[in-house]
Structures are given as C-alpha cells and as structure tokens.
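Read left to right, the sequence shown gives residues 3 to 472 (our numbering).
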Amino acid sequence: MLNESFLTPAQIVAELDKYIIGQHEAKRYVAIALRNRWRRLHAPAAMQAEIVPNNILMIGATGVGKTEIARRLAHLADAPFVKVEASKFTEVGYVGRDVESMVRDLAEQSVNRVKARRQEEVKAQAAQAVEELILDALIPPVPRPAGMKPGGLGFGSSGGGEEDMPQTDAELNERTRERFREKIRNGELEERRIEINVVQPGPSIGVMGAPPGMDEAAMSGLQDMLGNMLPKKTRKRKVTVAEARKLLLEEEAAKLVDMDEVKDEALRQAENAGIIFIDEIDKVATSGGSGKGGPDVSRQGVQRDLLPIVEGSAVNTKYGIVNTDHILFIAAGAFHVSKPSDLIPELQGRFPIRVELQSLSKDDFFRILKDPKNALTKQYEALLKAEDVELTFDDSALERLAEIASEVNAEIENIGARRLHTVMSRLLNDILYDVPDKIGPNAHIQITAALVDERLADMVKNRDLSQYIL
C-alpha cells in the first residue's frame with residue numbers, strides 16, 4: 003500500500019495509469035484533489051478548518067472508468083471509501099434510504115479498517131494466547147507448587163540423569179506441555195481434534211415502533227446497546243487444531259484492541275480522508291430543469307437533501323458525530339437524457355470541478371486488453387495457469403478483439419470497456435469448458451486473429467444475435 007504523503011500528483015497519475023487507460027484529465031483532477039488533502043493537513047492549524055475540498059463531477063458514458071478511478075484513488079490514499087447510487091435515495095418522508103446513510107456507511111467502513119489494522123498489530127500477542135488455549139485443550143494444566151514457573155527446573159535439559167526426572171505432577175504436566183508446544187509450532191498436530199469454547203454471536207435485537215424523531219443511527223445504536231446487555235453465550239465445538247487457531251485468533255485479537263481508541267481514530271480518518279463516490283447522479287436530475295410533476299418532485303427532494311451533506315454538516319452515526327466538511331465527494335453520471343445544468347443550481351455549486359471522460363476508442367480497447375496490471379487477458383491467463391495450461395494472445399488477436407468490441411458498441415449500445423468482458427467470454431468459453439477434460443495439463447493455447455474471427459465475426463454481422471449480447 004502506498005502512502006499518499008510520498009506521492010506527488012504526477013506519481014498518483016502514474017499509479018492510476020497502471021490500471022486505467024486514458025482519461026488523463028480526470029486523473030489529473032483527482033490527483034490534485036488527493037494531494038491537496040495532504041497539503042491541508044500540513045497547513046497552519048488556523049487555516050486547516052478553512053480549506054475545503056473541491057468536489058468533482060465526472061461526466062461520461064458507462065464503462066469509461068469513472069468508478070474505477072475513484073476506487074483506485076481511495077486505494078492509493080489508504081482512505082475510507084464508499085460507493086453509493088443516487089437513485090437508491092428518496093426524499094425524506096418517502097420509503098427508501100435517506101442520504102445521511104452514506105456517511106454512516108463511511109463511518110462503518112472506517113471503523114472496520116482501523117479495527118482490522120489494530121488486530122493485525124496485536125496478532126503475535128494474540129497467537130501466544132491462542133497457543134495456550136490449544137495447549138489447555140490438549141493437556142489441561144495442573145496446579146503448580148508455589149514459586150515454580152512454567153518451563154523451569156529441569157525443563158529442556160538433555161542430561162538424562164535422575165535429577166532430570168519430574169518430581170511432581172506439576173513438573174510432569176509442564177514438561178508434557180512444553181513438548182506439545184514444540185509439536186504445535188512444528189505443525190505436527192494440525193489434524194488433531196480438540197474441544198474448545200467458542201463465543202456464540204448474540205441474537206439480533208429488533209426494535210419495533212421507534213419513537214418519533216429517532217433516526218437510523220440512533221436506532222442502530224439502541225440495537226447494539228441492547229445486544230451488548232445480553233450475556234455472551236459460549237458453546238463447545240470439536241475442531242482440528244488448525245481450525246481452532248483460526249476461530250480463536252480473531253476472538254483473542256479483539257480482546258486486545260481498545261474499541262474506544264478505534265472509534266476515535268476511525269472517525270478522524272472518515273472526516274479528514276474519507277471519499278464518497280455518488281454514482282448515477284444524473285438519475286436524480288430533472289430533465290429540462292422543470293422540476294414539475296410526477297417523480298421530478300422526489301428527485302429534486304433528493305438533491306436538496308444532498309446539499310447539506312456535500313456542503314458540510316454533522317451526521318449522527320452509532321460511533322459518534324461525523325462532520326462532512328472535509329470529506330471528498332466525487333459524483334458521476336452518464337447524463338444521456340439530462341444535463342449537468344439540470345441539477346438544481348445549489349448542488350451544481352457544490353461540485354465546482356467538472357470533467358468529461360472520453361468514450362473509448364479501438365486503440366483504447368487494445369491497450370486495456372494489453373497494458374493494465376489487471377488486464378482481462380492476464381486474468382484469463384491466470385485462471386488457466388491454475389490448470390497448468392498456458393494461454394497466450396497475439397497482438398493481432400488483441401487488435402481484432404478491440405475492433406469487434408468497438409464495432410458492437412457503435413452499432414448496439416455503448417457500454418464502454420464492459421463490452422470486453424462479453425467479447426472475451428464468448429471467445430474463450432469453449433476453451434474454459436474443455437479444460438481439463440479435453441485439454442489436459444501442460445497444453446499451450448495460442449489465441450490468434452484467425453481464431454478471433456472464427457468465433458466472433460458473427461457478433462457484428464448478425465444484428466439479431468447481437469441484440470441479446472450485453
């Protein structure tokens with residue numbers, strides 16, 4: 003994971019280039035936005051509160067990389083990130099999700115990230131505790147005489163004399179435990195079955211008939227509080243040592259983590275580094291800007307509900323108050339039917355940076371198939387490598403695939419890079435089906451332009467067939 007404090011805008015763009023082809027203008031804007039967050043945290047304290055992020059509105063057809071840019075950006079920043087669809091929200095008073103739920107989702111995600119990192123830090127300490135629990139299940143301890151320590155007198159000596167013989171049950175027990183400890187560490191007892199106590203998750207508490215004025219966060223907090231009041235139940239399970247280690251490690255690590263510290267740090271991260279990606283923002287725009295009649299009223303209501311969240315407000319979550327002043331909002335939409343100007347003016351003003359993503363060309367498709375670290379061709383090569391089958395693609399085959407994807411997009415529906423999934427699946431389905439029954443291990447499959455033409459030419463020629471293909 004890269005640290006944003008060491009990444010300049012040019013370096014951020016270079017990292018994004020490893021996964022996303024083209025869209026340099028959009029990459030430049032998000033790179034500047036990400037670097038500005040680090041700059042704000044290093045500005046004078048009096049100015050930090052005044053510097054607000056420039057939210058970004060991405061405009062472009064589906065499949066051109068809007069979501070991927072935002073997701074990779076959050077990965078680079080090691081920041082809390084949530085993606086929501088504006089069309090899922092409804093105006094307050096209607097049935098549906100309220101817009102504040104996106105901030106609560108961000109807080110939840112931030113807490114989970116910080117908790118996982120803290121548990122990783124105490125993993126070694128938790129592993130020692132788990133080892134003792136497994137030993138207790140294998141060799142139950144017996145009381146030791148006063149002053150005697152584990153692994154003490156005579157343990158581990160190799161003289162073999164009478165003085166090395168255990169004199170008490172406690173010494174014998176400790177010596178046996180030490181021998182089994184070595185066997186556990188050497189992996190000799192992984193399949194031995196033992197009986198352990200496992201904490202059962204508490205029952206889900208439902209609260210019916212919430213009083214007026216109680217929001218979703220308060221309801222969630224009340225349910226958690228009622229759940230925590232119930233006594234924790236444990237039950238015995240007979241599992242292998244390997245399974246016991248997995249089950250107990252998470253429990254022991256959770257005991258070593260201070261959840262109050264986790265919540266405080268998580269809320270700070272959500273407020274100062276959080277990124278919320280609002281997709282399908284064009285679906286709540288009122289076409290023509292009229293805002294009159296039918297569902298347009300609800301759409302404008304959603305836009306007005308979004309205003310205070312994007313501008314900066316305090317949102318109550320079950321972990322505490324989250325201020326949205328410095329959260330970076332990235333909105334995106336295809337805007338086929340409506341235009342950005344159809345959004346209410348107040349909301350337009352909250353997204354001062356607008357960037358239009360370009361439709362993908364045949365050359366872009368070729369590069370998408372060949373260059374990115376997670377290119378589809380590399381994914382299929384890895385899938386067949388698991389069967390010991392080598393799959394390779396000629397450049398001429400990739401050029402033909404790009405050409406076919408571009409033609410189908412132009413003639414039927416432009417779904418951007420997602421068209422490549424359809425094309426590649428249709429090309430390789432027979433091969434994936436025949437491995438390993440007909441095509442055995444150590445085989446080498448070469449994808450050529452001729453093979454692409456043989457299997458895919460009818461996708462463009464036969465329009466009746468093509469209309470059923472995504």
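Yeah, the Cβ is synthetic: ideal placement off N, Cα and C, and Gly gets one too.
How should residue i be labelled, buried or exposed, when 16 other C-beta atoms within 10 angstroms of its C-beta is the threshold for buried?
i	result
Asp-397	exposed
Arg-270	exposed
Asp-260	exposed
Pro-142	exposed
Val-339	exposed
Ser-112	buried
Arg-181	exposed
Ile-22	buried
Tyr-321	buried
Ala-72	buried
Pro-46	exposed
Ile-370	buried
Asn-114	exposed
Pro-55	buried
Asp-439	exposed
Leu-386	buried
Ala-272	buried
Pro-354	exposed
Lys-248	exposed
Are residue i and residue j closer than 8 Å when you measure CB to CB?
i	j	result
Ala-109	Thr-319	yes
Arg-301	Ile-61	no
Ser-89	Glu-348	no
Val-101	Ile-311	yes
Ile-406	Leu-458	yes
Val-201	Asp-171	no
Leu-135	Leu-250	yes
Val-86	Ile-280	yes
Lys-375	Lys-20	yes
Ala-63	Gly-418	yes
Lys-275	Ala-79	Correcting the residue type first, residue 275 is Ala in the shown sequence and not Lys. A contact, by the Cβ cut-off of 8 Å.
How many whole angstroms separate the CB atoms of residue i and residue j, which I take to be in contact at a CB cut-off of 8 Å?
i	j	result
Asp-455	Arg-420	Not a contact, Cβ separation roughly 22 Å.
Arg-352	Asn-57	6 Å
Glu-133	Arg-183	7 Å
Ser-363	Asn-416	At roughly 12 Å, the Cβ-Cβ gap does not stay under 8 Å, so Ser-363 and Asn-416 are not in contact.
Ala-287	Thr-69	Not a contact, Cβ separation roughly 19 Å.
Phe-367	Leu-422	6 Å
Which residues does DSSP list as the beta-bridge partners of residue i?
i	result
Gly-67	Answer is none; Gly-67 lacks a bridge partner.
Ala-334	Met-60
Arg-239	Ile-198
Gly-322	Thr-319
Val-84	Ile-278
Gln-381	Per DSSP, none; premise fails for Gln-381.
Arg-1	Residue numbering for the chain in the displayed model covers 3 to 472; residue 1 lies beyond these limits and cannot be assessed.
Phe-368	Note: Phe-368 sits in no beta bridge, so no partner.
Leu-393	Ile-447
- Message: For the structure I just gave you, are there three or more beta carbon pairs, one from the region 50-68 and one from the region 326-333, closer than 8 Å?
- Response: yes
- Item | Cβ pair count under 8 Å reaching 3, the region 441-455 against the region 377-392 | yes
- Message: Within 8 Å, do at least three Cβ pairs link the region 372-389 to the region 335-348?
- Response: no
- Are the region 234-252 and the region 194-203 touching, with three or more C-beta to C-beta distances below 8 Å? yes
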